[in-house]
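Peer 1:
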Amino acid sequence: MEVVYLIMKPVLLMITELVSPSASLSDEALNILTVNNLWMMLCIALVFVMHLGFACLESGFTQSKNTVNILFKNTLTPAIGLVSYTIIGFNLMYPEFANGPGWFDFSGFFLKDTLGLDYNIGYTYWTDFLFQGMFAATAATIVSGAVAERIKISAYFIFTIVFVGFVYPTIGSWQWGEGALHAMGFYDFAGSTLVHSVGGWGALAGVIMLGPRLGKFINGKVVEKPGSSVPLATIGVFLLWFGWFGFNGGSVLSAEPGTTSLVLVNTSLAAAAGALGGFVMGYIVFKRLDLGMVLNGILAGLVGITAGADLMLPGSSLLIGFIAGLLVVLSAVTLDKLKLDDAVGAISVHLTCGVFGTLAVGMFGAKAGWDQLLNQIIGIGICGAAAFGGAIAIFFLLKKTIGMRVSAEHEEQGLDSHEHGIRGYTITYE
Amino acid sequence: MEVVYLIMKPVLLMITELVSPSASLSDEALNILTVNNLWMMLCIALVFVMHLGFACLESGFTQSKNTVNILFKNTLTPAIGLVSYTIIGFNLMYPEFANGPGWFDFSGFFLKDTLGLDYNIGYTYWTDFLFQGMFAATAATIVSGAVAERIKISAYFIFTIVFVGFVYPTIGSWQWGEGALHAMGFYDFAGSTLVHSVGGWGALAGVIMLGPRLGKFINGKVVEKPGSSVPLATIGVFLLWFGWFGFNGGSVLSAEPGTTSLVLVNTSLAAAAGALGGFVMGYIVFKRLDLGMVLNGILAGLVGITAGADLMLPGSSLLIGFIAGLLVVLSAVTLDKLKLDDAVGAISVHLTCGVFGTLAVGMFGAKAGWDQLLNQIIGIGICGAAAFGGAIAIFFLLKKTIGMRVSAEHEEQGLDSHEHGIRGYTITYE
Amino acid sequence: MEVVYLIMKPVLLMITELVSPSASLSDEALNILTVNNLWMMLCIALVFVMHLGFACLESGFTQSKNTVNILFKNTLTPAIGLVSYTIIGFNLMYPEFANGPGWFDFSGFFLKDTLGLDYNIGYTYWTDFLFQGMFAATAATIVSGAVAERIKISAYFIFTIVFVGFVYPTIGSWQWGEGALHAMGFYDFAGSTLVHSVGGWGALAGVIMLGPRLGKFINGKVVEKPGSSVPLATIGVFLLWFGWFGFNGGSVLSAEPGTTSLVLVNTSLAAAAGALGGFVMGYIVFKRLDLGMVLNGILAGLVGITAGADLMLPGSSLLIGFIAGLLVVLSAVTLDKLKLDDAVGAISVHLTCGVFGTLAVGMFGAKAGWDQLLNQIIGIGICGAAAFGGAIAIFFLLKKTIGMRVSAEHEEQGLDSHEHGIRGYTITYE
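From first to last, the protein sequence lines are chains A, B and C.
Taken in order, the first sequence gives residues 4 to 433; the numbers are from the numbering used here.
Taken in order, the second sequence gives residues 4 to 433; the numbers are from the numbering used here.
Taken in order, the third sequence gives residues 4 to 433; the numbers are from the numbering used here.
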């Protein structure tokens, strides 16, 4: 054990001693940094909650024979995502901060920049990393829902590591890493494209490569696979709305009161209007009070407002959210017609509404205009091609090597009994 | 689409450009605004969580055949509430900020006041709106639980729109809009009367107008309708306690450390003592360890402390919470005797303890005294008459037009299969 | 009633009037206090959520016939814990602030110190109390899980009152109350030893004194008792991770940006690595994708990093979390071999990984070294002896007086039907 700390101690000691910022900052500057950093840390906690939201949503909307499998994937996704983003992703996405390979650089960065205002006045290096890391892991989670109930867990995890470690941050670097898309004038405030549609393209690639669940499409008819627990799915959607306060609110990258509060208003109104859009279109299409469409409508509104949450008036947010709520239903119906089987509606929520939300920046709000709309279309195209192409490539390699899909017997009996050895629910009264 | 942004762009552009507060505020003032606003934004997120709390509580305490229906109502309630409060309620409740009809005024207000300290130093206009909007929607949610399992969903939604859009903000304006009750000396810190008893009166009106669920009272005996999921109800109560940190803490309207932290201590101690009160009285009355009464005791304590959370010592909070916990059980038993069927105990929690908590301001703490107690009684009476009268009127009109209640067949088979086409839980292992 | 306020009013009025800090602090100092206090208040809310996390985890991992009983215990635990910590525990743990018996001293302290910087610049007296009170109640909750499904509820509650009111704060005072351990050089940042292993020793004492559940060990074989709801347990673990942001983040006792954000990074990376450790060792030992071990691995990582979350580099946190994740599986297997029946794995998570995490302070990070390691071992020994001895003594007295364990009939039929009169789940479709 002495060996361990002999190796690590010198670096660590230096860092810890230099964590205290009292020396380098004025009281005023430290105060501003403290407030902004506090907001960002809370946004991290909120974005973290989104992972629980996805876990609830996906396990609630899928069959009880696969509950443990879904939860297993969704629990390990943020864990694997954070670790791979630590080791590879962060440095890849924000190359300007990197000066060497691997995660030992953290110390270097921190010592050099973090607490001085030359890092930035919004937050420390650690906060930046953790916010981005929590964000990154959501892109993989989006895929998880679409491919649920038949994907091999090993294939899913390898996909997650490569997608979060390479594809997502590469695309992200083009915009948030001050790359070419940013220079061109593309605008994506909190990631309708960079997070949601990237995840959505990954989901679409997965669904195409995997094929539908057994018995989903019979004689051209869609067979419903009833979700195990509607309350669980509802909890998931509320937690995602809750987490989106941090996802969008934190994307201001400071606690600046005007913008942050405007962003929260726009986010909530789009979610509310999305619920109404999903309600209305769900009623028109299915002739029933379709809770699933209301829930997906909320998510649609949230995804839709994400690209321009800092640019809109509340009136525009209501409109964007409502349209997204309508679209998510139409998209789900269309995917069913195309026999693309998305177990939880992830493609409709994240891809369809991610694209719409990105276009909305050119149609509504402070940046509206034909030039901007063109930039948005180009950005959507480039990111989409990269994300979809990358995901197809990864899934193709997986399919040719370890295989993507569990056996038919295994799928029919449920993944829980085969791989996990326990059931999701054991409710008995002897 | 060009039309859309041609219309909206000029207004929007102006706003966005003026969102940046750097010009008008001193660094010191901006810093204070930023901190206070940050606290208020987090309180918004916490109050939002209360809607999830209500959804869990109500679906957990009601029968599994109506789970989807409850969730449908509780998911759309904050959505409808936010939208109607956006369009009508906010301007009605705070008339001093209004200078024209409808929600396009937001921009005007914001431009004029928000980021200058002449709006206020606690938060921006947007924050104010969203905090109040989240608050407003809770009043409708309270009604939702009481009338569950037999109300027509169309009737419920129309009620919600009118109640959140008109009744609640009208009553609120008398006190928080600096109206007549406020001038008279009535005190209600965070809404034991203005939110909880207003919701509770609406619930009582609903229960009277609807009548009890089929088979609830047979030959003078109360028939228990077992709730579908006690864990779900427990999650709901914990989330409501969690959300109450924002409900009461945000009602300080700033992050002032002395008052906010005192309020949180009082809120938590009242909840803790309420649990004990519900436990004790539940044991006395029912001779069992009644978890339902412990959970409602927590809510009773929270509602009870809400009117005077900034005025009490911790000792008084413990006492108020404990008494509220006792009262909620006695109230539930009394309602049963009166054959008033409240599906989740909402009237006992929000009306009984809302009234008690408002009276407690005259009995304990910094404002205690006969004069104050008289003011409290008058305020309770006026708000109660308006809320109960308003709710009765709305329900009466609904009853005479579209009808309030589902058919007996429909009620017996459960609302989920009829209106929603799915079940709350599908737990099977093939 | 006049009597009540005549007695209480003079004290109360004074306090409330003096709550306003404007007189005594400079703007600058007030601003710092406000930000730090805001962070601490949010950490309180997060630590509160941990109680919901424990409730979900424990009821999810135990049998459905005992669900209500678990929830009853876990709901009343924070209530009883807060009240007993109010009356006894806080003054006992922080004797330097006490100047008389009981909770009326609160006012005295507050008036004298709280808002002046001579209390401290991190938070008010109220915030300090509530943060510590929420913390204290977690130590009892840890015990609750281990002894579930067979302990008498009366015995459990008496244990909780004495453990939270006396044992926990006495041990805590040796370190956080600036006592002998602190003077010696023992280091425990947020309580791997003072909270988690103290709770874990209490759990071990309980399990030894109670004996295993009926039918748990048959002919030397371990019989699995399937948990009622894996999604519920998963929600619990995510909420505990979420709450740990406040548990560790708040232990900085200010919002100082460098340390708080480093602590959050370390906390999250240890949790993520713990998940991987539990995954790997679960697969090695059980040859399956064991979700329970992944979930306990997350908690193991969190407990493991708690003692040194402010001292580590992210690299060390990953290592500590991963090792803790391996250890929690080995510990669970070992306890099974020793026929010690811990219903939810609390001893392995909180005791085993609490001890490991405390040792890790001497092995990794800024304080690593043989001297520190020795201090850590001594501290672990002293706290362990006191916690285990105290818990054994309390349980012994309970066993000799009211009895610790329910009857065999009662245990077999489930505690819910006997003591609580309702079932945890009633999912039927007539």
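Glycine included, C-beta positions come from ideal geometry on N, C-alpha and C.
#1: Starting from the Cα of Ile425(B), find the closest Cα among Ala327(B), Leu74(B) and Ala149(B) and give me that residue.
#2: Could you tell me how far apart the beta carbons of Gly1(B) and Met53(B) are, in whole angstroms, since I believe they sit closer than 8 Å?
#3: Could you say which of Leu33(B), Leu79(B), Gly188(B) and Gly348(B) lies nearest to Leu377(B) if we only look at CA atoms?
#4: Does the region 309-326 of chain B come close enough to the region 353-371 of chain B that 3 or more CB-CB pairs lie under 8 Å?
#5: Inspect the beta-carbon positions of Leu79(C) and Leu243(C) and report whether they are closer than 8 Å.
#6: Quick check on Glu422(B) - is its C-beta less than 8 Å from some C-beta in chain A?
#7: Exposed or buried, which one is Phe399(A) when buried takes at least 16 other CB atoms within 10 Å?
#8: Ile47(A) touches chain C at which residues, Cβ-Cβ below 7 Å?
#9: Any beta carbon of chain C sitting closer than 8 Å to that of Ser200(A)?
#10: Should Gly300(A) and Val331(A) be called a contact, given that it needs their Cβ atoms to be closer than 8 Å?
#11: If you compare alpha carbons, which of Arg153(C), Ser147(C), Phe160(C) and Ile90(C) is closest to Leu133(C)?
#12: Would you kindly report the start and end of the unbroken alpha helix (DSSP H) that includes Phe248(A)?
#13: Whose Cβ in chain B lies nearer than 8 Å to the Cβ of Val288(A)?
#14: According to the neighbour-count rule (16 or more other Cβ atoms, all chains shown, within 10 Å of its Cβ), is Asn34(B) buried or exposed?
#15: Closer than 8 Å, CB to CB, is Phe51(C) near chain B or not?
#16: With respect to the alpha helix (DSSP H) encompassing Tyr286(A), which residues constitute its N-terminal and C-terminal limits?
#17: Taking only the alpha-carbon atoms, compute the straight-line gap between Ile381(A) and Thr309(A) and give it to the nearest angstrom.
#18: Determine the extent of the alpha helix (DSSP H) in which Trp129(C) is found, giving its start and end residues.
#19: Counting only Cβ pairs nearer than 7 Å, list the residues of chain C close to Thr130(A).
#20: For Phe57(C), tell me which candidate among Phe250(C), Thr144(C) and Ser195(C) has the shortest Cα-Cα distance.
#21: Measure from the alpha carbon of Ser436(C) to the alpha carbon of each residue in Ala193(C), Ile238(C) and Ala206(C), then state which is nearest.
#22: Quick check for students: name the residue ranges of the beta strand (DSSP E) that lie wholly in the region 348-422 of chain A, counting only runs of 3 or more.
#23: Whose Cβ in chain C lies nearer than 8 Å to the Cβ of Leu133(A)?
#24: What is the rounded straight-line gap between the Cα of Met296(C) and the Cα of Ser351(C)?
#25: Would you say Thr237(B) faces chain C, with C-beta separation under 8 Å as the test?
#26: So who's on the other strand from Phe220(B), going by DSSP bridges?
#27: Put Ile425(B) into one of helix, strand or coil per three-state DSSP.
#28: Can you give the Cα-Cα distance for Met43(A) and Val255(A), rounded to whole angstroms?
#29: Curious, which full-length alpha helix (DSSP H) runs of at least 4 residues does the region 300-355 of chain A contain?
#30: According to the neighbour-count rule (16 or more other Cβ atoms, all chains shown, within 10 Å of its Cβ), is Leu341(C) buried or exposed?
#31: For Gly218(A) and Ile156(B), I'd like the C-alpha separation in whole angstroms.
#32: Excluding five sequence neighbours on each side, which residues of the same chain lie with their C-beta closer than 7 Å to the C-beta of Cys386(B)?
#33: Please list the partners that Asn40(A) has in chain C, where partner means a Cβ-to-Cβ separation under 8 Å.
#34: Measuring only the C-alpha atoms, how far is Ser420(C) from Lys68(C)?
#35: Output, in chain order, the set of chain C residues within a Cβ distance shorter than 8 Å of Pro81(A).
#36: With 16 as the cutoff for other CB atoms within 10 Å, does Phe112(C) come out buried or exposed?
Peer 2: Concretely, from the data shown:
#1: Leu74(B)
#2: Lying before the first or after the last residue shown, residue 1(B) is absent from chain B, which here runs from 4 to 433.
#3: Gly188(B)
#4: yes
#5: no
#6: yes
#7: exposed
#8: Leu267
#9: no
#10: yes
#11: Ile90(C)
#12: Val233 to Gly252
#13: By Cβ distance, chain B contributes nothing, its closest Cβ being about 12 Å from Val288(A), past 8 Å.
#14: buried
#15: yes
#16: Tyr286(A) -> alpha helix (DSSP H) spans Pro260 to Phe289.
#17: 18 Å
#18: In the DSSP assignment, Trp129(C) falls within the alpha helix (DSSP H) that extends over Tyr128 to Ala149.
#19: Ser264
#20: Thr144(C)
#21: Any property of residue 436(C) remains undetermined from this structure, which presents chain C solely from 4 to 433.
#22: none
#23: By Cβ distance, chain C contributes Ser264, Leu267, Val268 and Ser271.
#24: 11 Å
#25: At least one chain C Cβ lies under 8 Å of Thr237(B).
#26: Val225(B), per the DSSP bridge assignment.
#27: Assigned with DSSP and collapsed to three states, Ile425(B) falls in coil, not helix or strand.
#28: 9 Å
#29: 317-340
#30: Exposure of Leu341(C) is indicated by the presence of fewer than 16 other C-beta atoms within 10 angstroms of its C-beta.
#31: 34 Å
#32: Ile174, Thr196, Leu197, Ser200 and Val201
#33: Within 8 Å Cβ-Cβ: Ala258, Pro260, Thr263 and Ser264.
#34: The C-alpha of Lys68(C) is placed about 8 Å away from the C-alpha of Ser420(C).
#35: Ala275
#36: Note that Phe112(C) scores a pLDDT of 31, beneath 50, so its modelled location is shaky and nothing firm can be said.
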